[in-house]
Amino acid sequence: MHKLLNDSPGEKIMLLGNEAIARGAVEAGVAFATTYPGTPSSEISLNLFQMSQESDLYFEYSTNEKVALEVAAAAANSGLRTFCMMKHVGLNVAADPLMTLAYVGVTGGMVILTADDPSMFSSQNEQDNRYYAKFGNLPMLEPSSVPEAKEMIKYAFELSEELNQPVLLRTTTRINHSNAYVTFGDIKPMQTKGRFEKDPGRCVTVPVVSRQLHVKVLEKMNRAKGIAETSEFNLIEGSGKFGIIANGVSYHYAQDAVKDLSIENDAKILRLGLSNPMPEQQIKDFLADCEKVLVIEEGEPFMEEAVKAFAQEAGIIIPIRGKSEALFSRLYEYDPAMVRKNMADYFGIEYTPTEKLSVDNVPEIPMRPPNLCSGCSHRATFYEIQQAAKDMDIICPNDIGCYTLGFMPPLSTGDFVICMGSSVSSSCGFSQATDQKVVSVIGDSTFFHSGMTGLVNAVFNNHNFTLVILENDITAMTGHQPHPGVDMERFGLSGFGRVNIEKVVRAFGVEHVSIIKPFKVKKSIETIKEALAYKGVSVIISQEPCALYAKSLKLLKPRAFKVSDKCVDHKDCINTIACPSFYLEDDKVKIDADTCVGCAVCAQICPENAITPLKK
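Pasting the structure below:
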């Protein structure tokens, strides 16, 4: 049995934040869950997917976040407790249904998790999704610890059912990917089947209906304001003239700083866990007894701006600071030392930071940039694109996935990346606006997510570019989740369909479609050249399973290569494909047999044929 399905109330177990959230959803009786995987939220969906194989929970990897939210919205309006999760930029994709779903509401509890990523550990921006709650008139909760995340999602379902409204749960990477002991609670029985009651006056958002629904949304938010004033997740601790307002993990940093600075008798903290709507009166009462206030929040000045507005309305004239060059930045994650220093500076506390250990005698740690794995077929495809387009002036729009790393030297293939699916659509613009040859790259999961509409647009408008679809049979970047093109029988699962990318592309009207096997280098280069010469939309599908995925399924034949005595030290292998299995020993190229997967790409590009199979 999956460890998160254990019906053992009171048991304490060490869990990852995302595991705790999944457990909280199970304890809440969630019956229906949807997602498109995205770090830092991926482990939530992985655990729910695994649990769905052992329980009555319905779980779905949807084609994108918009679809995931629309599927979940139907379940939630059939009376089921429904959970939809995504990373922060995924909420951009789902924003269209989100805004109107706030009008329609739900009949069963619905929680929408947005996993924000301060410092952009695995994202293209670090937007602050608290503004979606304000923009959409939706309640939002923010946990400050792993155990609280488990409890907060249970409350989120209750709040959703009380208001008949979706509730946003905002986490950050530090919550998602931290570990802590969590105490199991009772598992609420799940209701797996519901009934949709027709209600056109609520569910059919034509203008005359939506005008009335907007009134109801505001009424719900007024009710939520009253709830926020007495919520157990909005709490005040301590007393004194110094006021500190914090949220999320910043709350615990603030607690530590108050203790470290020995100002427990001079400072009080207001932690906002139900952060939208803000508890206006509680904040005003808190400010009334303060001489000055520090607002600690990662990201944008969401709380700070509201607190200053409340102070102005109440006629409270005290210094309220947060974001500034002298204090907290709008950039990146915070840490305890930063919070401690800024708190000391702002409140005028004498504080001598701990002297940092001298590292003058320690050698500099070599840079270790992210890299495509040994045997990754994307590396071969990028090399082949560069060879086929040699001496051509090309633009290569890339996309979101492992293959984004193709922009790094020596592959240097990837000139423009915005968001999921943008490689295809931006290629339409580049091909029309310039005389340069456009070669765009997209992964198979991303193609299903949001690349197909751009390709339809390209065919209809007769644009001129080559699209390379990297079909590696899995959603690799976020941890090997399935997508519509995956053979689910490899997971030992039946009952799923499978969508053929080549058939989809041809059905869209693309007339020049080619298949390459990227580990066959010479033939792949020739095929790519033919596609580049074609006037109009051409598509190349590069087919080879993800090396790590293939290894996990035991599909790889153990075969490593070595550099023989024929090598005359051109270093073409390192300088053109830079596989991480290469290393230098006495300035000579060597291959790590333990990591080499035997793709043989390097052997095919070596001018001396000096790379040969290693006989074991």
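Its first residue numbered 1309, the sequence shown is counted upward by one per residue in our numbering. Here a beta-carbon is modelled for each residue, glycine too, at the ideal position from N, C-alpha and C.
Cβ contact check for the region 1824-1841 and the region 1408-1428: 3 or more pairs under 8 Å: no
How many Å lie between Ser-1430 and Ser-1570 at the Cα? 37 Å
Once DSSP output is grouped into helix, strand and coil, what is the label at Thr-1422? strand
Three-way DSSP call (helix, strand, coil) for Met-1309 in this model: coil
Given 8 Å as the limit, is there contact between the region 1585-1600 and the region 1529-1537, that is, 3 or more CB pairs closer than that? yes
Please tell me whether Val-1525 and Asn-1437 are closer than 7 Å, where the distance is taken between their beta carbons. no
Please determine, among Arg-1629, Ser-1316, Gly-1817, the residue with the shortest C-alpha to C-alpha distance to Glu-1599. Arg-1629
How is Ala-1554 classed by DSSP in three states: helix, strand or coil? strand
Three or more C-beta pairs under 8 Å: does that hold for the region 1495-1515 against the region 1539-1557? no
Smallest Cα separation from Ile-1321: which of Ala-1488, Ala-1423, Ala-1383? Ala-1488
Taking just the CA atoms, how far does Pro-1853 sit from Ser-1860? 11 Å
When we look at the beta-carbon of Pro-1345 and count the other beta-carbons within 10 Å, is it buried (16 or more) or exposed? buried
Can you say whether Gly-1623 is buried or exposed, counting buried as having 16 or more other CB atoms within 10 angstroms of its CB? exposed
Can the beta-carbon of Asp-1425 be found less than 7 Å from the beta-carbon of Thr-1343? no
Just mark Ile-1836 as buried or exposed, buried being the case when its beta carbon has 16 or more other beta carbons within 10 Å. buried
C-alpha distance - Phe-1391 paired with Leu-1312, whole-angstrom precision: 16 Å
Considering only their Cβ atoms, is the gap separating Ser-1850 from Pro-1826 smaller than 7 Å? yes
Are there 16 or more other CB atoms within 10 angstroms of the CB of Val-1523, so buried, or fewer, so exposed? exposed
I'd like to confirm the pairing. Which residues does DSSP put opposite Glu-1545 in its beta bridges? Ile-1577
DSSP state of Pro-1644 mapped onto helix, strand, coil: helix
Is it buried or exposed, Ser-1720, if we count other Cβ atoms within 10 angstroms and call 16 or more buried? exposed
Within 8 Å, do at least three Cβ pairs link the region 1414-1423 to the region 1625-1643? no
I need the DSSP call for Gln-1435, collapsed to helix, strand or coil. coil
Can you tell which of Ile-1553, Met-1393, Val-1338 has its C-alpha closest to the C-alpha of Glu-1469? Val-1338
Return the chain-ordered ranges of every beta strand (DSSP E) run that is complete within the region 1363-1396 and spans a minimum of 3 residues. 1366-1369, 1390-1395
With distances taken from CA atoms, which of Arg-1676, Gly-1551, Tyr-1463, Glu-1368 is nearest Leu-1619? The question names Leu, but residue 1619 is Ala in the sequence shown. Nearest of Arg-1676, Gly-1551, Tyr-1463, Glu-1368 to Ala-1619, Cα basis: Gly-1551.
Could you tell me which of Ser-1360, Tyr-1369, Phe-1340 sits nearest to Asn-1385, measuring between CA atoms? Phe-1340
Taking the beta carbon of Pro-1451 as the centre, do at least 16 other beta carbons fall within 10 Å, making it buried, or is it exposed? buried
For Leu-1282, count neighbouring Cβ atoms within 10 angstroms of its own Cβ and tell me buried if that reaches 16, exposed if not. Lying outside 1309 to 1924, the shown extent of the chain, residue 1282 is not represented and no answer is given.
What is the residue span of the alpha helix (DSSP H) that Val-1525 lies within? 1515-1538
Delimiting residues of the alpha helix (DSSP H) encompassing Thr-1342: Run containing Thr-1342: none in the alpha helix (DSSP H); it sits in the beta strand (DSSP E), 1340-1343.
7 Å Cβ shell around Ser-1316 - same chain, five flanking residues per side excluded: Phe-1492
Start and end of the beta strand (DSSP E) containing Pro-1921? 1919-1921
In this structure, what does DSSP give as the bridge partners for Pro-1928? The question about residue 1928 has no answer here: the residues shown for the chain are numbered 1309 through 1924.
So for Tyr-1891, helix, strand or coil by DSSP? strand
Excluding the 5 residues preceding and the 5 following Gly-1793 in the sequence, name in chain order all residues of the same chain whose CB lies nearer than 6 Å to its CB. Asp-1752, Val-1807, Ile-1809
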